[in-house]
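Basically our numbering = 1-based index in the sequence shown + 163. Glycine is no exception: its CB is placed at the ideal position from the N, C-alpha and C atoms. Here the structure is laid out as structure tokens; the discussion comes afterwards.
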Amino acid sequence: METINEEYICKSETETKKLAYNFAKRLNKDDIVVLNGELGAGKTIFVQGIAAYFNIENQISSPTFTIVNEYTLNDGSSIYHFDVYRLEDSNEFISKVGTEYFDQGISIIEWGDIIKDILPKRTIYVNIEKDNLDFNTRKIVIKREVV
Ligand SMILES: Nc1ncnc2c1ncn2[C@@H]1O[C@H](COP(=O)(O)OP(=O)(O)OP(=O)(O)O)[C@@H](O)[C@H]1O
Ligand SMILES: [Mg+2]
């Protein structure tokens with residue numbers, strides 16, 4: 164196993180969406196994508212970019228109260244959008260949601276570090292960091308394990 168880190172600077176919401184759109188092209192059918200970053204970092208914006216690639220952008224909202232939203236694509240496959248911000252830990256995730264989703268489609272998990280201990284090795288971590296100087300700039304680091 165080897166860790167690959169890719170680092171990007173996105174100077175606007177549009178640039179972040181474009182990065183996410185291109186990132187989505189490389190996703191496999193049971194990939195898990197974790198989005199970390201403080202409130203307002205741009206996690207949901209990144210999800211919207213992924214969703215644009217899969218033609219479901221207009222349906223995306225944050226699953227703040229439901230924990231997970233499911234989207235069905237034209238080919239019958241699924242995308243699961245989680246927001247685990249309100250969960251205490253992975254035990255609560257297991258009792259309220261379960262890990263069965265992870266094998267059934269592409270999973271995208273906002274605040275995924277909260278349940279990091281139960282996430283598979285194949286999980287891709289996207290970390291979004293605000294810039295101290297520029298309000299519209301983000302540093303985005305994409306980290307994945309490859310064999
Ligand atoms: N380069 C950028 N990339 C992404 N968002 C940006 C950028 N510059 C400014 N923004 C703004 O930052 C905000 C990001 O909001 P978003 O809802 O995606 O954050 P979030 O990380 O999902 O927050 P929360 O934890 O509350 O769900 C948006 O208002 C967006 O317009
Ligand atoms: Mg969000």
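In this structure, G203 lies away from E292, with their beta-carbon atoms at least 8 Å apart. Counting other Cβ atoms within 10 Å of its Cβ, T166 stays below 16 and is therefore classed as exposed.
Bounds of the beta strand (DSSP E) holding F245 are S241 to D246. Taken through DSSP and simplified to helix, strand or coil, L198 comes out as strand.
Ranked by how close their Cα comes to the Cα of I277, the residues S270, M164, L198 and N232 have L198 in first place. About 6 Å separates the CB atoms of K302 and I172; that is less than 8 Å, so the two are in contact. In chain order, D193, S241 and Y243 place their CB closer than 8 Å to the CB of Q267, counting only its own chain and leaving out the 5 sequence neighbours on each side. Per DSSP, E255 is one residue of the alpha helix (DSSP H) stretching across S253 to K259. For V309, the enclosing beta strand (DSSP E) stretches over residues R301 to V309. Taking 7 Å as the cut-off, the C-beta of D246 counts as close to a heavy atom of ligand 2. When the alpha-carbon of G275 is set against those of L182, A214, E220 and D252, the nearest one is in D252.
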